[in-house]
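As structure tokens, the structure follows; a few thoughts come after it.
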Amino acid sequence: MNALTPAVSTGPLPASRKIHKPGVLYPQIRVPMREISVHPTAGEPPVTVYDPSGPYTDPSVETSIEKGLARLRHEWVTARGDVEAYDGRHVRPEDNGFATGERLTPEFPIRNRPLKAKQGKAVTQLAYARAGIITPEMEFVAIRENLGREVMRGKLQRDGEAFGAAIPDFVTPEFVRDEVARGRAIIPANINHPESEPMIIGRNFLVKINANIGNSAVTSSMAEEVEKMVWAIRWGADTVMDLSTGRNIHNIRDWIVRNAPMPIGTVPLYQALEKVNGIAEDLNWEVYRDTLIEQAEQGVDYFTIHAGVRLHYIPLTVDRVTGIVSRGGSIMAKWCLHHHRESFLYEHFEEICDIARAYDVSFSLGDGLRPGSIADANDAAQFAELETLGELTKIAWAKDCQVMIEGPGHVPMHKIKQNMDKQLAVCGEAPFYTLGPLTTDIAPGYDHITSGIGAAMIGWFGTAMLCYVTPKEHLGLPDRNDVKIGVITYKIAAHAADLAKGHPAAKTRDDALSRARFEFRWEDQFNLSLDPETARSFHDQTLPKEAHKLAHFCSMCGPKFCSMRISHDIRAEAQKEGMAAMAAKYREGGDLYMPADETGVPVVPEAPKPS
């Protein structure tokens, strides 16, 4: 490995091992999951959790960043007989922002001929789903969503408010096909990104999260961005968006895609702007079209397209507190005003769809007029654009293109549900993908928290994917640690939403960790958590010795005031003397104790332990 090749984080998480479940319709597929073992004294089976980390956490797989990942889906794609290989476009100086010499990041060393649809064919998962075809990708995500819960069918408890979502007890490949065919879910899976392990985004599935990475004109490098990608998925990011805006955009993206086991999204407008030296007014359809094809050939799985920013919506933003805060939205608004004409993205949207359907690039229709402050939430500009996104969704669906809709932004808690309800109505239940939303504007440095609150709420209401926010939001480019904090915060929000919706398998991990906590199985508590490293380090700051991990207390309460230890003592005494004798002892206390049936509080039966 030379100095130009990045070193990335590898190795399993504590007490974890990678397992794979085979397909039934397609026996050759192997669906990855993570199995977390618990202490033998627990008498419980391992806990199976969703795992987007790819081979980087599998010690049986040797990864080489210079070689890229195995081309998992290549045979699936070519076996369908509707694609053809071709030479593709050659890398041009403008693709990398005219970087030269030492400033030019080297190209990824391996180049495969790109694939595209044969004449007259649509190679999208939506087209296959509408034709009644269950693809390997569909069976893959069905198995992945179930998390091995077929062995628990009939035992899972449904407890939640789903707000109209229809989450099944068990996900079948046919259910996946039907949801994709209806446009209620997407499987972002460019035919030129065969390294990607299929995943699904839709409100009747687990809530997903996205992490943003990317260099800027002033900081970051290829090595940093590849490591950020691997680091983000290690902690649970389901997709990653490369939002690079500086030099070397093409080459950095190639390194990322070839080593990405999950979908990669981009905003093609950013690279198109670099090709015209950063002058928004010089953008045109030809440059943008070339950029779409360039990125589709590389394997980008979904594009953010800001086609909803229309000329006559721009005056609606004039009286806002924070104007237009979307980078893509502000670029297109500037272009529209300068040329005093409709956006070329809107005018050429059908042609954009034709490009996407030839590679199965999904759309993330951008909210270029999203509110950038709570004062601007749910205003006329935001909802006018949303109406246009609904119109564009129908055009994309008519072309067999997969679509999700981007949402805000900055929205106070009492206005969040209106966003979800309106999006479902206007956009035909296409998946919603939101940035937070941030619920207050007063906490720079803590916007992962202000947005995590809104993310949990809107995820509960029906948002399918949450775009993370890091502590650096509004302040600077996030580093490796910021990425981890953002991902963990949003894993919490997404999981909280799954619990609130009543997802049948969501409580399994919570219950396992709660039992470990009550039984003082400290290592199991750490290992079952979203971030074992932080949990362990916090515990060890005050109780660092190995003996402390057998103690029936922590430093918060100490041995005499630990409520759970006292509860154990009560249980032990009750079992020793018998419940009748204990009841008599309590009655001796006079009015201090009351029988449960006199308190008016219903008695809740004890939850069963897993079999």
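Okay, so the sequence shown: first residue is 8 according to my numbering, each after it adds one. Virtual Cβ for every residue (Gly too), placed ideally from N, Cα, C. Just so it is clear, the structure is predicted and the values come from calculations on it, not from any experiment.
From G623 to F525, what distance separates their C-alpha atoms?
Residue 623 lies beyond the range of the chain shown here (8 to 618); nothing can be said about it.
Three CB pairs or more closer than 8 Å across the stretch 271 to 288 and the stretch 245 to 258
Contact annotation: the stretch 271 to 288 touches the stretch 245 to 258, with at least three C-beta pairs closer than 8 Å.
Identify which residue in D58, S570, T17, A49 has its Cα closest to the Cα of S67.
When the alpha-carbon of S67 is set against those of D58, S570, T17, A49, the nearest one is in T17.
In whole angstroms, what is the alpha-carbon distance linking L154 and H510?
Each residue's Cα considered, the two are about 12 Å apart.
Exposed or buried, N488, counting other C-beta atoms within 10 Å across all chains shown (16 or more means buried)?
Classification for N488: exposed.
With 16 other CB atoms within 10 Å as the buried threshold, where does R693 fall?
The structure shown does not extend to residue 693, since the chain is modelled only from 8 to 618, so the question has no answer here.
Burial state of P47 (16 or more Cβ within 10 Å)
Counting Cβ neighbours within 10 Å, P47 comes out exposed, since fewer than 16 surround it.
Hey, D308 and A196: beta-carbon distance below 8 Å or not?
Yes; because the gap between Cβ atoms is below 8 Å, this pair is in contact.
Using 8 Å as the Cβ pair cut-off and three pairs as the minimum, do the stretch 35 to 55 and the stretch 492 to 500 touch?
As far as the Cβ criterion goes, the stretch 35 to 55 does not touch the stretch 492 to 500, which means the pair count is below three.
Based on the DSSP secondary-structure assignment, which residues constitute the bridge partners of D249?
D249 is bridged to I220, T273.
Stretch-stretch touch, CB-based, cutoff 8 Å, three pairs: the stretch 138 to 149 with the stretch 314 to 323
Segments in contact, no.
Under 8 Å: do the stretch 534 to 547 and the stretch 71 to 83 share three or more Cβ pairs, one atom per stretch?
Because the criterion of three Cβ pairs below 8 Å is not met, the stretch 534 to 547 and the stretch 71 to 83 do not touch.
What are the start and end residues of the alpha helix (DSSP H) that includes V38?
Premise fails: V38 lies in the beta strand (DSSP E), 37 to 43, not in any alpha helix (DSSP H).
State buried or exposed for R118, treating a residue as buried only when at least 16 other CB atoms are found within 10 Å of its CB.
Label assigned to R118: exposed.
Could you work out which residue in T477, G443, A462 is closest to Y621 when comparing CA atoms only?
Since the first residue shown for the chain is 8 and the last is 618, residue 621 is missing from the structure and cannot be characterised.
Exposure of P451, with buried meaning 16 or more beta-carbon neighbours within 10 Å:
If you draw a 10 Å sphere on the C-beta of P451, you find fewer than 16 other C-beta atoms in it, and that means exposed.
Check G139 in the structure and name its three-state DSSP category.
If DSSP states are grouped into helix, strand and coil, G139 belongs with coil.
Look at the Cβ atom of E51, then the Cβ atom of A519, and state whether they are nearer than 8 Å.
Against a cut-off of 8 Å, the Cβ pair of A519 and E51 comes out as a contact.
Looking only at DSSP bridge pairs, what is I312 linked to?
L372.
Over what stretch of residues does the beta strand (DSSP E) that includes I26 continue unbroken?
Where I26 is concerned, the enclosing beta strand (DSSP E) stretches over 23 to 29.
Where does the unbroken alpha helix (DSSP H) through K424 begin, and where does it stop?
423 to 433 is the span of the alpha helix (DSSP H), which, as asked, contains K424.
Let me see if you follow: with CB-CB separation under 8 Å, is P551 close to chain D or not?
Of the protein chains in this structure there is only one, and it is not chain D.
Under the rule that 16 or more other beta-carbon atoms within 10 Å means buried, what is P180, buried or exposed?
So P180 counts as buried.
If we count the other Cβ atoms within 10 Å of its Cβ and call it buried at 16 or more, is N103 buried or exposed?
Looking at its Cβ environment, which holds 16 or more other Cβ atoms inside 10 Å, N103 is buried.
Check whether the Cβ atoms of T107 and N255 sit closer than 8 Å, and answer yes or no.
No; because the gap between Cβ atoms is not below 8 Å, this pair is not in contact.
With DSSP as the reference, label E468 as helix, strand or coil.
It should be noted that the sequence gives Phe, not Glu, for residue 468. Three-state result, F468: helix.
Short of 7 Å in beta carbon distance, which residues of its chain neighbour R241, apart from the five on each side in sequence? Order them along the chain.
In its chain, beyond the 5 residues on either side, S16, S60, Y63, T64 have a beta carbon closer than 7 Å to the beta carbon of R241.
Proximal residues to A403 (C-beta, below 6 Å), its chain only, five neighbours per side dropped:
C360, F370, V410.
For F439, write down the residues that DSSP places opposite it in a beta bridge.
For F439, which the question treats as bridged, DSSP gives the partners I412.
Put K123 into one of helix, strand or coil per three-state DSSP.
DSSP, read as helix, strand or coil, puts K123 in strand.
Between A192 and A169, what straight-line distance do the alpha-carbon atoms span, to the nearest angstrom?
Near 16 Å, if we compare the C-alpha coordinates of A169 and A192.
What number of angstroms, rounded off, separates the C-alpha of N217 from the C-alpha of V247?
Looking at the two C-alpha atoms, the distance is approximately 5 Å.
Which class does L76 belong to by DSSP, given the choice of helix, strand or coil?
Three-state result, L76: coil.
Neighbourhood of A5 by C-beta distance below 6 Å, restricted to the same chain and skipping five residues each side:
Beyond the ends of the chain as shown, which are 8 and 618, falls residue 5; an answer cannot be given.
Rounded to whole angstroms, what is the Cα-Cα separation between R334 and R41?
Between the alpha carbons of R334 and R41 lies a distance of about 37 Å.
So the alpha helix (DSSP H) E91 belongs to, where does it begin and stop?
No alpha helix (DSSP H) contains E91, which is instead part of the beta strand (DSSP E) from 90 to 92.
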